[in-house]
Every structure is written in structure tokens, then in C-alpha cells.
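Participant: Numbering (my numbering), first residue to last: -11 to 103. Pasting a structure here, questions to come.
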Amino acid sequence: MDQIRDDQSQRPKKLRYKIGDLLKATGLAKATYHDERKRIAHSHDKYEEAKVQILKIAQRFRLRGRWTAGYRRIQMELDQIGLHLSGDTIRKLMRELNIQVTLYNRHRKRLGKNS
């Protein structure tokens, strides 16, 4: 909708569409349109501090360039700090931060002559 408004601002005032006509054509309520514009203009990340803390904790448990702290360990550390988040939320934030634990299987069979 805002792209349409930007295009309209280029035109002379007499040739511009009215916002009411655009909303009728799209079937969008006027209140919904203004609520969305307000939400987009004043958007903020409510997990901003949690992301910073998760990144700090994950860096502390980084070993040989690999992430070794899973969401449970991070959740314990966050609880000690006083940030209480669910495991699903922590996994979602870890995915956004590209923190994925690299698993090491010590029971993996070796291939070759000695197997």
C-alpha cells in the first residue's frame, strides 16, 4: 500500500488516488491500514537484549570454532542472569542468530584399515 502512496506522490495532486478509494479497492479497513503503518514505523525487537545475551553465552562456550552450547545450557545461563524464556523461544532466537551446535559423535566408527 505504501508503494502505491509513493507512486502517487509523484503525480500531480488532481491525478492522485484518494486513500479511501485505494482501501475500498483492496478491501482493507481504514483502521487496519493505519495500525499497520504505525506498527511498521515504530517497530522494535522485544528480544533484542536476549539476543545479545545468547550471543555472549554462545561465544563463551565456543571451542575450536564450533558452537558447543545447546539451547538447554543457554537457557540455564539465561535463568541465572534473570532472563526467563521458553526453550522454543531460545531455539528460534538461536536460529535467527545462526547459532547451531556442531555435534561431535565420539562413538563414530573409523573407516580404513583399522576398522
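Backbone N, C-alpha and C fix where the C-beta goes; we use that ideal spot for every residue, glycine too. Because the structure is a prediction, the values reported are computed rather than measured.
With the cut-off set at 8 Å, would you say ILE87 and ALA46 are in Cβ contact?
Facilitator: Closer than 8 Å, so yes.
Participant: According to DSSP, ARG61 sits in a beta bridge with which residue or residues?
Facilitator: None, per the DSSP bridge assignment.
Participant: In angstroms with no decimal places, state the Cα-to-Cα distance between ASP(-6) and VAL89.
Facilitator: Spanning the two alpha carbons is a distance of roughly 44 Å.
Participant: With distances taken between CB atoms, is the gap from LEU85 to ALA38 smaller than 8 Å?
Facilitator: Cβ atoms of LEU85 and ALA38: not closer than 8 Å.
Participant: From the DSSP output, in three-state form, read off ARG50 for me.
Facilitator: It is a strand residue.
Participant: With a Cβ-Cβ cutoff of 8 Å, do GLY70 and TYR59 count as a contact?
Facilitator: Going by C-beta atoms, GLY70 is not nearer than 8 Å to TYR59.
Participant: Work out the CA separation of LEU3 and GLU36 for me, nearest whole Å.
Facilitator: Using only the alpha carbons, I get a separation of about 44 Å.
Participant: Give the single residue among ASP23, ILE42 and TRP55 whose Cα lies nearest to the Cα of GLN68.
Facilitator: That would be ILE42, whose Cα lies nearest to the Cα of GLN68.
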